[in-house]
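In the numbering used here, the protein residues as written are 7 to 549. Think of the CB as a built atom: it goes at the ideal place given N, C-alpha and C, for glycine as much as any other residue.
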Ligand code: OOB
């Protein structure tokens, strides 16, 4: 059993409750309540399939009953690795109905990431698709199980689709036996201030950490964002980015929309053609993107003859949006742009819908809650004046106080008074808006996908030709940043394709493979003997 994560001190919790941020309602109970209030409204659309709130509630009951039948119960962790299909939402609420805890995995994760998630979360089950993006997730799961051995925590694999030759894998359909829907309180007695889900951190040291989110804090996260985005029952949210991403799921995303009584439409891929057809058909009002999608969406909106009139707001976040793209996106789509600077750890910053154009183009927004505490500090930890660059520290009603099962790491990641050290370098304006100018964490942000340098470096060293390696982010037109591996080799240096194949073999997700390999005679060191990544980054910039 993992040690309990550090949580908010009693005084802070009392304040957040008194302010009405924390409402003491679990997600299972919330869904029950929404379904009772407007059973007939459409909650989820996926292709030709539609679920009303009553349907979603009944599905949650059925899936909960099926999972209970497997012996899964309150507090159990279950890794959910599903692509953008309605089943993600159905399974998520089924787990909530049971009081079990979904662990959000990304569809691109592979043996190393999933194995790590299962181990750290102590997950008893995984829910996966049969195949997705020409990849067989059942084989992945059999590898993960083999690696865990008989003593690992993993007991069940639930497959959405065909379980194939694995006769001990549970077909998703088998979970959906009958239960009388609409009975009971909607939860198995889960504690609203307790663990509701686990999110994955971008990671800076070795393998990614798990972020504990409670019912109280995560619902507030979604509600606070929903209020700023003025969501209501007429909102139609298009989920374009992976559903497991915090941005898509709760900022305000899926949860914010459902809590406002709106409709969530799921896009199976992020191409503008797929999305625009759905925007036309479902009269979508809000969606969210990462920066690499922006030029494609802008070009297609300008060239194609789509009816995008319903679209009121398009959020962009996860990585820095270049100012020129912020200028052209809104007019091309006929929608208001909103910048989103968030983190799975908590703090979400949004530009406001009535902010002056200048702030929307040039800043990454300001905190969503009046109780978000933000400090911008210098290298010694002393606050700097507005306008000066420093590290962003934060604490508040939906920002974690400690990772899941990582006490030792917590001592580095938090200040003694509970501020999370984001590792982001920001400048704060007198309006409270933040401009993200860089980061001090050893991470590459490749168009919103976070790559922990150390995790990749460790794997690069397992290649027989590589004797030393350093991964750095270098400015890139398409990705914002691309990943460049500087390697010291005994013989000939391997090429990018060979390295990608090697990392895949090692079980690493494909997006972590370096975009470029540069052979160097040795790695430059700083005065204190650390690899000088700034010097390496300068080396790879075109003169
Ligand atoms: C979102 O969450 P994560 O956990 O994948 O990544 C968080 C990190 C931040 O610490 C920052 O380094 C970077 O991603 N980031 C941005 C940014 N939004 C996130 N950097 C520059 N500009 C932005 N707009 O990425 C996330 C979570 C919820 C909502 C939106 C994004």
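Taking a 10 Å sphere around the C-beta of residue 389, we find fewer than 16 other C-beta atoms and assign the residue as exposed.
In this structure, the beta-carbon distance from residue 114 to residue 516 falls below 8 Å.
It is roughly 21 Å from the alpha-carbon of residue 443 to the alpha-carbon of residue 335.
Look at residue 105: its beta carbon is at least 7 Å from all of the heavy atoms in the ligand OOB. Excluding its 5 nearest sequence neighbours in each direction, residue 227 has C-beta neighbours in its own chain below 6 Å: 256 and 404, listed in chain order.
Within 7 Å of the C-beta of residue 346 there is at least one heavy atom belonging to the ligand OOB. In the DSSP assignment, residue 396 falls within the beta strand (DSSP E) that extends over 396 to 401. With a beta-carbon spacing of about 7 Å, residue 471 and residue 499 fall inside the 8 Å limit used to define contacts. Distance from the CA of residue 460 to the CA of residue 408, rounded to the nearest whole angstrom, comes to 21 Å. Taking the CA atoms as reference points, residue 263 sits about 24 Å from residue 455. Remark: the C-beta of residue 454 is in contact range of the ligand OOB, defined as less than 7 Å to any heavy atom. The stretch 269 to 288 and the stretch 362 to 374 do not touch, with fewer than 3 CB-CB distances between them shorter than 8 Å. According to DSSP, residue pairing for residue 322 in a beta bridge involves 295 and 345. CA-CA distance, residue 376 to residue 430, rounds to 21 Å. Residue environment: residue 449 is assigned as buried (16 or more neighbouring CB atoms within 10 Å of its CB, all protein chains considered). Residue 57 and residue 49 have their alpha carbons spaced roughly 6 Å apart. Looking only at 424, 209, 520 and 491, the smallest Cα-Cα distance to residue 17 is reached by 424. Annotation: residue 284 to residue 413 spans about 45 Å, alpha carbon to alpha carbon.
Beta-carbon to beta-carbon, residue 204 and residue 213 are separated by about 14 Å, too far to satisfy the 8 Å threshold. Annotation: residue 444 is outside any alpha helix (DSSP H); the continuous beta strand (DSSP E) that includes it extends over 440 to 445.
8 Å or more divides the Cβ of residue 201 from the Cβ of residue 130. No Cβ-Cβ contact shorter than 8 Å links residue 544 with residue 521. One thing to note: residue 30 has its Cβ no nearer than 8 Å to the Cβ of residue 174. Nearest in C-alpha terms to residue 211, of all of 486, 477, 530 and 507, is 477.
If you check the C-beta of residue 416 against the ligand OOB, you find no heavy atom less than 7 Å away. In this structure, the alpha-carbon of residue 480 lies about 8 Å from that of residue 486.
A direct Cα-Cα distance of roughly 10 Å separates residue 310 from residue 282. A distance criterion of 7 Å places the beta-carbon of residue 442 in contact range of the ligand OOB, judged by its closest non-hydrogen atom.
Residue 96 sits away from residue 79, with the two beta carbons spaced by 8 Å or more. Residue 155 is classed as exposed because its beta carbon has fewer than 16 other beta carbons within 10 Å across all chains shown.
Between the ligand OOB and residue 257, a heavy atom-to-CB distance of less than 7 Å is present. Cβ neighbours of residue 546 within its own chain (closer than 7 Å, five residues either side excluded): 480, 490 and 524.
DSSP places residue 80 outside both helix and strand once states are collapsed to three, so it counts as coil. Judged by their CB atoms, residue 518 and residue 509 are nearer to each other than the 8 Å cut-off.
Excluding sequence positions up to five before and after residue 27, its CB lies within less than 6 Å of the CB of 226 and 403, all in the same chain and listed in chain order.
In terms of Cα proximity to residue 288, the closest of 307, 299, 316 and 305 is 316.
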